[in-house]
């Protein structure tokens, strides 16, 4: 189906990101090109609900077909809306879990491929973790507080490392911090 306004009720719902209710397929302009197809299967009504992710991406559509002309009742509309929102939530959670898995995999690969120490600071919990390169001895991967972390940084470097990190934390457009 072409995802465009006015081409079909299915495509229009995805394009407009809004439900499309076709109470009678035989008289709806969006079904003009497909009246014969719908008639072959006895379809007379079609309700289309887009499944939209939290970022606005359309995952797909949830469609109801009926053999008689029909509009959704109040209860049918509520139930369908709840189902649509649950499907969107589940698909978003699945996509986010996969993105997290890939990010963790990339982080692990970077940690193994470098001779540098990678520090991971959890700003919410206020803890730090470190990962060592594959050729180095891994002293401790447990979370540590900031005071413990500062003891692991060379005394000659601690001043400029802390200043650089604090500056990066206060700049809103900084996505990556590094310091040597």
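Numbering (our numbering), first residue to last: -17 to 162. For glycine and all other residues, C-beta sits at the position ideal for the given N, C-alpha and C. Computed from a prediction, not measured in an experiment: that's the story for all the values here.
Let me confirm a value: residue 10 is counted as buried when at least 16 other C-beta atoms fall within 10 Å, else exposed. Which label applies?
So residue 10 ends up on the buried side.
Would you call the stretch 44 to 51 and the stretch 21 to 33 touching, i.e. three or more CB-CB distances under 8 Å?
Taking one beta carbon from each stretch, the stretch 44 to 51 and the stretch 21 to 33 have 3 or more pairs nearer than 8 Å; the two touch.
Strictly by DSSP, which residues pair up with residue 44?
Residue 44 is bridged to 31.
Which runs of the beta strand (DSSP E) fall wholly inside the stretch 48 to 108 and span at least 3 residues, in chain order?
Those beta strand (DSSP E) runs which fall completely within the stretch 48 to 108 and span 3+ residues are 100 to 104.
Only counting the same chain, and skipping five residues up and downstream in sequence, which positions put a Cβ closer than 6 Å to that of residue 40?
-4, 32 and 34.
Short Cβ contact (9 Å threshold) for residue 100 with residue 93:
Contact: yes.
Which of helix, strand or coil DSSP assigns to residue 144
DSSP, read as helix, strand or coil, puts residue 144 in helix.
Measuring straight from C-alpha to C-alpha, what distance separates residue 153 and residue -6?
CA-CA distance, residue 153 to residue -6, rounds to 42 Å.
If you run the structure through DSSP and keep just helix, strand and coil, what is residue 26?
Coil, per DSSP.
C-alpha gap between residue 2 and residue 132, whole angstroms
Taking the straight line joining both Cα atoms gives about 59 Å.
Just to confirm my understanding: we take residue 140, look at its own chain, exclude 5 residues before and 5 after, and list those with CB closer than 7 Å. What are they?
Excluding sequence positions up to five before and after residue 140, its CB lies within less than 7 Å of the CB of 132, all in the same chain and listed in chain order.
Between which two residues does the beta strand (DSSP E) containing residue 4 stretch?
Element bounds for residue 4: 2 to 4.
Considering only residues of the same chain and omitting the five flanking positions on each side of residue 43, which have a CB-CB separation below 7 Å?
Annotation for residue 43: -8, -5, -4, 30, 31, 32 and 33 place their beta carbon closer than 7 Å to its own, counting only its chain and skipping 5 residues before and after.
Candidates 19, 126, 96 and 95: closest to residue 110 by CA position:
Check the Cα spacing between residue 110 and each of 19, 126, 96 and 95: the tightest is with 126.
Let's test the definition: count the other Cβ atoms within 10 Å of the Cβ of residue 116 and tell me whether it reaches 16, buried, or not, exposed.
Note that residue 116 scores a pLDDT of 47, beneath 50, so its modelled location is shaky and nothing firm can be said.
Let me check one thing: in DSSP terms, what residues is residue 111 bridge-paired to?
According to DSSP, which records beta bridges pairwise, residue 111 is partnered with 102.
Measure how close the beta-carbons of residue 74 and residue 36 come, nearest whole angstrom, since I'm counting them as under 8 Å.
Confirmed, Cβ separation roughly 5 Å.
Going by C-alpha distance, which of 20, 107, 78 and 53 is nearest residue 4?
With distances taken between Cα atoms, residue 4 lies closest to 53.
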